[in-house]
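When the letters of the sequence shown are read in order and numbered with our numbering, they come out as residues 314 to 490.
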Amino acid sequence: LHVDLVIVGCSDTDGEQAYNLDGEEVWYADFVNKRGVEPQPSFIDHLSYEEGVYAGAEANQQTCRSNLKIGLEAMKDIPLENDPPSTPMIYSRDVVETGAENTLICHVTGFFPAPVKVMWTKNNQNVTEGVSINVPYPNDDASYRQTSRLEFVPQPGDIYSCSVQHPALHEPLTQMW
Numbered sequence: 314l315h316v317d318l319v320i321v322g323c324s325d326t327d328g329e330q331a332y333n334l335d336g337e338e339v340w341y342a343d344f345v346n347k348r349g350v351e352p353q354p355s356f357i358d359h360l361s362y363e364e365g366v367y368a369g370a371e372a373n374q375q376t377c378r379s380n381l382k383i384g385l386e387a388m389k390d391i392p393l394e395n396d397p398p399s400t401p402m403i404y405s406r407d408v409v410e411t412g413a414e415n416t417l418i419c420h421v422t423g424f425f426p427a428p429v430k431v432m433w434t435k436n437n438q439n440v441t442e443g444v445s446i447n448v449p450y451p452n453d454d455a456s457y458r459q460t461s462r463l464e465f466v467p468q469p470g471d472i473y474s475c476s477v478q479h480p481a482l483h484e485p486l487t488q489m490w
């Protein structure tokens with residue numbers, strides 16, 4: 314038995330659509346760069362997605378924002394309980410080779426409500442280019458998990474960090490790589 318999940322998420326200013334199989338993200342819409350992304354490591358056989366999947370994801374964002382407006386109005390007086398995320402796990406997508414393009418992955422789980430905000434640094438300087446984050450993915454216990462990625466080219470001596478902010482935290486959780 315396999316679990317196949319399609320997630321469409323949005324806010325007033327942002328959105329995401331992702332396809333997941335057995336808890337692994339296999340495709341997501343990168344609305345900033347206007348393309349679909351298959352984030353699996355190179356050693357995994359990739360699923361193929363038909364032309365038009367990204368265009369469909371863009372159309373789904375209009376529906377999502379309309380539903381969001383209605384839902385926010387209906388739930389405006391309901392208080393939320395906050396559960397903090399786990400300490401971030403940070404690792405590289407592929408084996409690290411100096412000077413070779415790679416992706417750092419920062420993963421957190423166990424939080425409610427969604428989403429978290431993830432920030433990256435390189436040598437104590439904020440990094441925004443090459444950063445993406447998936448839509449929050451529901452866990453079986455009604456909490457969420459979320460993954461951010463940073464495209465990078467490793468160089469000797471570079472120090473990267475992933476910091477996670479959430480309403481249940483008094484200060485961000487940070488993990489170094």
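Where is the CB? At the ideal position from N, CA and C, for every residue including glycine.
Each residue's CA atom was taken as its position, placing Asp407 and Ser324 some 32 Å apart. For Asn380, the enclosing alpha helix (DSSP H) stretches over residues Val366 to Ala387. Classified as exposed, Tyr404 has fewer than 16 neighbouring CB atoms from the shown chains inside 10 Å of its CB.
If you look at Lys347, you'll find it isn't in any beta strand (DSSP E); DSSP assigns it neither H nor E. Gln330 is bridged by DSSP to Val321. The alpha-carbon separation between Asp396 and Asn415 amounts to approximately 32 Å. Straight-line spacing of the CA atoms in Val429 and Gln488 works out to 15 Å.
Pairing Glu484 with Phe465, the inter-Cα distance amounts to about 26 Å. Under the three-state reduction of DSSP, Val448 is assigned to coil, being neither helix nor strand. Here Gly328 has Gly322, Phe344, Gln374 and Cys377 as same chain residues with Cβ atoms under 7 Å from its own Cβ, once five neighbours each way along the sequence are excluded. By the neighbour-count criterion, in which 16 or more other beta carbons inside 10 Å mark a residue as buried, Glu364 falls on the exposed side.
In the three-state reduction of the DSSP assignment, Leu360 falls in the coil class. For Pro426, the closest C-alpha among the options Gly349, Arg458, Val444 and Met432 is that of Arg458. In this structure, the beta-carbon distance from Pro398 to Leu486 falls below 9 Å. Taking the C-beta atoms as reference points, Asn452 is found no nearer than 9 Å to Thr411. Distance check between Glu338 and each of Ile472, Asp317 and Lys347 places Asp317 closest, using alpha-carbon atoms only. The shortest C-alpha to C-alpha distance from Ala370 to any of Pro401, Gly443, Ala342 and Ser456 is the one to Ala342.
Shown here for Asp335: same chain residues with a beta carbon closer than 7 Å to its own, the five before and five after excluded, namely His315 and Val316 in chain order. Of the candidates Asp390, Glu394, Asn436 and Tyr473, the residue whose Cα lies closest to the Cα of Ala481 is Glu394.
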